[in-house]
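For the sequence shown, the UniProt record's numbering assigns the number 1 to the initial residue and increments by one for each residue that follows. From the three backbone atoms N, C-alpha and C, an ideal C-beta is built for every residue, glycine too. Just so it is clear, the structure is predicted and the values come from calculations on it, not from any experiment.
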Amino acid sequence: MIQVEDVLGSHYDDIKNRVIRTDFDTETLESFSAAGIEPPVSEAKFTGNLYFFSCKIDRYKIGFSDNRIDEITFIKGKNDAMAMINGFIASKRFEFQSVTKKQVKETPSEILKDDSKDGMNFIGFEIQHFESESSQFNMNDIDQYACMTFRSDDYAVIVQQEYTEKDCFFVFELRPFNSKKTSSKISE
C-alpha cells in the first residue's frame, strides 16, 4: 500500500523501488545507464496500490518536475468524492475555500499584466471569500461548485467536477508545498 502523502514531493531516487518508469522501456534505460546518462523522469506508475487516506485510487497520473513528484491527479465518482470532501471539511488539518459556478459566471474578469512573465496577459477573478467557508458550503448541492480547494501545511488539494455525456466525476489534483529531503517518511 502506497499513501499519496508519503510520496508527494519525493525525489525519484528515494522511491524508485516503489515506481515503474513508463517513459522508456527497460532496454532503453539500460542503454542510457551504460552511457552514463540519467534522463529525467516524465512518466511512471506505482508498483503497489495507491491510497489517499483510506480511499483506494485506481486511476491516477503522476507529474514530475526535476525528478520529484510535484503532482498526483486522480478521479473519483460522485459518492466517493463527496465522502472525501466531507472528510476534508471535517478535518482541522485543512483550510477550505470554494468557488461557485455562479460566482465565476457573474464575477467580472479583468486583464492583468505581469511584467515578470514577458508581458503575457492573464485573466484574474475577484472571488468573494467567507470567514468560514465550511459554514457556507452546501454538500447537498455540490453541483453548484466550480472549484473547491483544501490546503494543509504540506500540500494543496484542488477538486473540480467534470462531466461526460452519461455521468459526472471529480478530478483531484494534489501538489506539495515542499519537496521531501529524504525518504525517512516512506515505508517499505
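If you look at residue 56, you'll find it isn't in any alpha helix (DSSP H); it sits in the beta strand (DSSP E) that goes 55-57. In the three-state DSSP reduction, residue 24 falls in the coil class, being neither helix nor strand. Distances from the CA of residue 19 to each of 33, 41 and 5 were compared; the closest alpha carbon is that of 41. Minimum Cα-Cα distance from residue 51 among the listed residues 4, 91 and 43 corresponds to 4. Take residue 59, set aside five residues on each side of it, and the residues of its chain with a beta-carbon closer than 7 Å to its own are 74 and 75, in chain order.
With fewer than 16 other beta carbons inside 10 angstroms of its own, residue 37 counts as exposed.
In the three-state scheme derived from DSSP, where H, G and I count as helix and E and B as strand, residue 32 is classed as helix. The C-alpha of residue 62 lies about 27 Å from the C-alpha of residue 34. Residue 8 and residue 26 have their C-alpha atoms spaced approximately 25 Å apart. Just measuring C-alpha positions, the residue of 157, 164 and 21 sitting nearest residue 93 is 157.
Contact annotation: residue 144 and residue 78 have beta-carbon atoms that are not nearer than 8 Å.
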